[in-house]
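Notes follow the structure.
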Amino acid sequence: MPAQLSFEKLDKYYQKILNTNEKLEKYADVSFISLLYLREVRSLVNPTISELASAMDVKKPSASNMVRKLVDMGLLEVERSNSDKRVVKLTLSAEGNEVIELSRSADDLFFEKIEEILNDDEFEVFAGLWGKITSNLEVGREK
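To convert, note that position 68 of the sequence shown is 67 in numbering that gives the first Met the number 0; the numbers rise steadily by one, no gaps.
Put into structure tokens, the structure is as follows:
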């Protein structure tokens, strides 16, 4: 792989954005995968653990472990179904929502920097390519 296609510099810059945001320091122990789980819970709107596991393309025990960690961190809340106590619905806590919003602001800062580097035409091409790449990425998908 050519060096220019490495994510190392991008990751270092993104981490710099995260580390310089005082509000994000509070959530420094939230990993990228944790953030992906939180975003998925938000997009699914109160999923069960099985639904979350399916959406994340992981086995239910893996999803359960991550949910437990996120609950312990105060980022997720679980609510048992009134009709079937075995069924658990997941919701974001206020702090979980805050983590997602702060990560979005970090994303905005990151892409603003990209926009500074590229001219308008280049940024338009970049945005199109980025959209194509991200819309076609799936965990575990093989071509």
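C-beta: ideal position from N, C-alpha, C; glycine also.
Helix, strand or coil: how does DSSP classify residue i here?
{"i": "K84", "result": "coil"}
{"i": "V138", "result": "Low local confidence applies: a pLDDT of 49 at V138 is under 50, so the model's placement there is unreliable, and no value is given."}
{"i": "K15", "result": "helix"}
Please identify the residue among the options whose C-alpha is closest to the C-alpha of residue i.
{"i": "S63", "options": "G73, V87 and S82", "result": "V87"}
{"i": "S104", "options": "S5, Q14, R79 and F6", "result": "Q14"}
{"i": "L69", "options": "K84, R79, Y26 and E115", "result": "Y26"}
Name the DSSP beta bridge partners of residue i, please?
{"i": "E78", "result": "K88"}
{"i": "T133", "result": "Answer by DSSP bridge pairing: none, since T133 is not bridged."}
Looking at residue j and residue i, is the spacing between their C-beta atoms short of 8 Å?
{"i": "L89", "j": "L51", "result": "yes"}
{"i": "L37", "j": "A54", "result": "no"}
{"i": "S92", "j": "E76", "result": "yes"}
{"i": "E94", "j": "G73", "result": "yes"}
{"i": "L136", "j": "F125", "result": "no"}
{"i": "F122", "j": "E111", "result": "no"}
What are the boundary residues of the alpha helix (DSSP H) that includes residue i?
{"i": "V66", "result": "K59 to D71"}
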